[in-house]
Amino acid sequence: MTKKRGTARIRGLAAELKDLRTTAGLNTREAARRVGLSPATLNRMELGNRVIDSEDMAALLAVYGVTGTERERLLAMAREVDLPGWWETTDADLSKHLRALINFESEATRIVHAAMLRIPGLLQTADYIRAFMASCQVPSPLIESRTEIRLRRQEILRRLRPPRYLAIVDEAALSRPIGSPAIMAEQLRHIIDLAALPHIEVRVIPFAHGSHTGLEGGYVTLEFAKDRSIVLLEHKRSSAFIDEPKDVAPFHEATTTLVKAALEPPESVKFLAAKAASYDRS
314 MTKKRGTARI RGLAAELKDL RTTAGLNTRE AARRVGLSPA TLNRMELGNR VIDSEDMAAL
374 LAVYGVTGTE RERLLAMARE VDLPGWWETT DADLSKHLRA LINFESEATR IVHAAMLRIP
434 GLLQTADYIR AFMASCQVPS PLIESRTEIR LRRQEILRRL RPPRYLAIVD EAALSRPIGS
494 PAIMAEQLRH IIDLAALPHI EVRVIPFAHG SHTGLEGGYV TLEFAKDRSI VLLEHKRSSA
554 FIDEPKDVAP FHEATTTLVK AALEPPESVK FLAAKAASYD RS
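With my numbering applied, the sequence shown covers 314 to 595.
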């Protein structure tokens, strides 16, 4: 059973199971008793150390009072836990992947975001988020709720024990104006402020440094104290988590290569400040 430990699918499902138990007001011992499991077994399920089969999931959902479409969604996740990788296509506000990502970010010890076309989500200001979503034709009624979700995710960078965070940002993401020049100037100065924190490192790759491996596409890697690393790839209405070590390794190698192509952190901050001043003059 432990062969599945650390995969994105089972860890995402495990985190949701734990949240449902907490919401139901039950401790591990009581929840396990109600479904005929040992507390140790349920604890391993919630840690992602044991596969959650459909039968156990159905019993737990009944105890937690989960019904309707939410029940079907979670049962489908349990049935699909053996599938390789984890792709999702959706336009839902809180997709399965976003639910999982929020949990992965909260547990990660290091996060790397290689961003080629836009500012990394954990560094975005509220005005930048709204302007970007509007430009991507997100319906107006959804923009505020999605903005709020992203801002809440950013709280991990301000907590007592935050993950180490590395943002590698291509100049294209800084030069393409999202919203007004004032929004961009504020956004870049926000990044400068965050870069002053000891656990956050920002590196810019200027156009002058030429082509680099990041032009194949941006990505996010999440590293953990005990579990395998996970890579997140995102597109317009789809996303994928990759967790097989042999598939994750090229992204770690890409990070090493991109760091060499980028400016050092102090020079990156100066670059951001110059860009912000340029937007001010606009």
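Cβ atoms here follow ideal geometry from the backbone N, Cα and C, with glycine treated the same way.
Treat the numbers as computed from the prediction; the structure is a model and nothing was measured.
Bridge partners - residue i, DSSP secondary structure assignment
i, result
"HIS503", "Looking at the DSSP assignment, HIS503 forms no beta bridge with any residue, so it has no partner."
"ILE555", "VAL544"
"HIS426", "ALA480, VAL533"
"VAL515", "ALA480"
Under 8 Å between C-beta atoms of residue i and residue j
i, j, result
"SER581", "ALA575", "yes"
"ALA444", "GLY492", "yes"
"ALA260", "PRO476", "The question about residue 260 has no answer here: the residues shown for the chain are numbered 314 through 595."
"LEU333", "LEU414", "no"
"ARG516", "ILE481", "yes"
"LEU388", "MET370", "yes"
"LEU507", "LEU571", "no"
"ARG392", "SER367", "yes"
"ARG463", "GLU536", "no"
Local conformation of residue i per DSSP, three classes
i, result
"LEU576", "coil"
"VAL582", "helix"
"VAL451", "coil"
"SER595", "coil"
"ARG412", "helix"
"ALA562", "helix"
"THR569", "helix"
"ILE469", "helix"
"LYS601", "Nothing about residue 601 can be read from this structure; the chain reaches only from 314 to 595."
"THR320", "coil"
Same chain, Cβ closer than 7 Å to residue i, five either side skipped, listed in chain order
i, result
"LEU330", "MET358, GLU359, ILE365, LEU373"
"ASP440", "GLY492, ILE496, GLU499"
Contacting residues, own chain, Cβ-Cβ under 6 Å from residue i (five flanking each side not counted)
i, result
"ALA587", "none"
"ALA521", "none"
"PRO390", "The sequence given here places Met at residue 390; Pro does not occur at that position. Here the set comprises LEU326."
Contacts around residue i, its chain only, beta-carbon distance under 8 Å, and the 5 residues preceding and following it disregarded
i, result
"ARG459", "ASP406, ILE442, MET446, VAL451"
Complete alpha helix (DSSP H) runs within the stretch 334–406 (minimum length 4 residues, chain order): 341–348, 352–359, 367–377, 381–392
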